[in-house]
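K.L.:
Numbering (our numbering), first residue to last: 11 to 291. Mind looking over this structure? Questions follow.
Next up, the structure:
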């Protein structure tokens, strides 16, 4: 696996690559979810590029940024073992040099849910991903469905800005208890992990009610909220039912929907969702 730190070095190498590139952007702390994205990338591209860059401008909390899990040597070994061809891991000053003053913003998706509760987060994501697309020029990019609003955000600006990349979305990877794999899970105490698993249980119970015929979003949201209210360690930030394509709020559920949640378990903020598409893709 080739490791590159400089933007100029990557651009020089990119000019020599004629094969299809599949990109897996990460912030490090590589886990099973990332490896699943790598496996998907290998199915689409001839050359798999991964990135590691903990992006400060997508954190609305400085302490959260500082404490974000990091283990570079372990990450490198994990990515190499699983077939990544090139790792791009630039420094902070390489990505955001003195005088950097540009932000990419998708208006609606930057203001609701994650954008509302994490000020500047969605703009930070859009800006760094746009930079990576410009530097790496991938043919494919792989994103997981766990960060569903982020996925739609990226799809939106790729379409609006005519960026020539195909976005491949990958199913959320879960542990045996159903907890969505996340770099933040290592911050959970053992008893908190048990409470965290109740989040997906609540979404699945809400999903079952919808499939059984309950179509009023407010009633489903109240049901999920009431279910989780019995766990003192869980503090709900938001629950929302949205159209899975344009992210508009759904009041009366008809066919396709996504139920989204953000909640704190102790001091750890977790997000999750359940998606239902027409063909349950």
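For glycine and all other residues, C-beta sits at the position ideal for the given N, C-alpha and C.
DSSP on residue 195, reduced to helix/strand/coil?
P.N.:
For this step, residue 195 is matched to residue 185 along the chain shown. Here residue 195 carries a helix assignment [DSSP, helix/strand/coil].
K.L.:
Is the separation between the beta-carbon of residue 227 and that of residue 253 shorter than 7 Å?
P.N.:
Locating residue 227 in the chain shown gives position 217, counting from the first residue. Locating residue 253 in the chain shown gives position 243, counting from the first residue. Against a cut-off of 7 Å, the Cβ pair of residue 253 and residue 227 comes out as no contact.
K.L.:
For chain B, check one thing: does any of its Cβ atoms lie closer than 7 Å to the Cβ of residue 131?
P.N.:
You won't find chain B in this structure, because it holds only one protein chain.
K.L.:
Can you tell me where the alpha helix (DSSP H) holding residue 160 begins and where it ends?
P.N.:
As a first step, residue 160 is located in the chain shown; it is residue number 150 there, counting from the start. Note, residue 160: alpha helix (DSSP H), 158-170.
K.L.:
Alpha carbons only, please: which of 205, 120, 117, 60 is nearest the one belonging to residue 86?
P.N.:
As a working mapping, residue 86 is identified with position 76 in the chain shown. That would be 60, whose Cα lies nearest to the Cα of residue 86.
K.L.:
Out of 124, 104, 268, 130, state which residue places its alpha-carbon closest to the alpha-carbon of residue 113.
P.N.:
As a position in the chain shown, residue 113 is number 103, starting the count at 1. When each option's Cα is compared against that of residue 113, the closest is 130.
K.L.:
What did DSSP end up calling residue 273 once you bin it into helix, strand or coil?
P.N.:
What you label residue 273 is simply residue 263 of the chain shown in a count that begins at 1. Strand at residue 273.
K.L.:
Which partner residues of residue 226 appear in the DSSP bridge assignment?
P.N.:
Working through the chain shown from its first residue, we reach residue 226 at position 216. Paired residue(s): 262.
K.L.:
Any idea which residues DSSP pairs residue 8 with across the strands?
P.N.:
Outside the modelled stretch of the chain, which goes from 11 to 291, sits residue 8, for which no answer is possible.
K.L.:
Check each candidate in 13, 208, 155 and name the one with the smallest Cα separation from residue 99.
P.N.:
As a position in the chain shown, residue 99 is number 89, starting the count at 1. Between residue 99 and the set 13, 208, 155, the nearest pair of CA atoms involves 13.
K.L.:
For residue 54, I'd like the list of residues in its chain whose CB is within less than 7 Å of its CB, leaving aside the five on either flank, ordered along the chain.
P.N.:
The count along the chain shown starts at 1 and reaches residue 54 at position 44. Correct list, in chain order: 32, 150, 178.
K.L.:
Under three-state DSSP, which class holds residue 36?
P.N.:
Residue 36 sits at position 26 when you count from the first residue of the chain shown. Reduced to three states, the DSSP call for residue 36 is strand.
K.L.:
Within 10 angstroms of the Cβ of residue 72, are there 16 or more other Cβ atoms? Answer buried if so, exposed if not.
P.N.:
Locating residue 72 in the chain shown gives position 62, where the first residue counts as 1. Per the 10 Å Cβ criterion, exposed.
K.L.:
For residue 268, write down the residues that DSSP places opposite it in a beta bridge.
P.N.:
For the purposes of this step, residue 268 is taken as the residue at position 258 of the chain shown. BP columns for residue 268 point to 252, 285.
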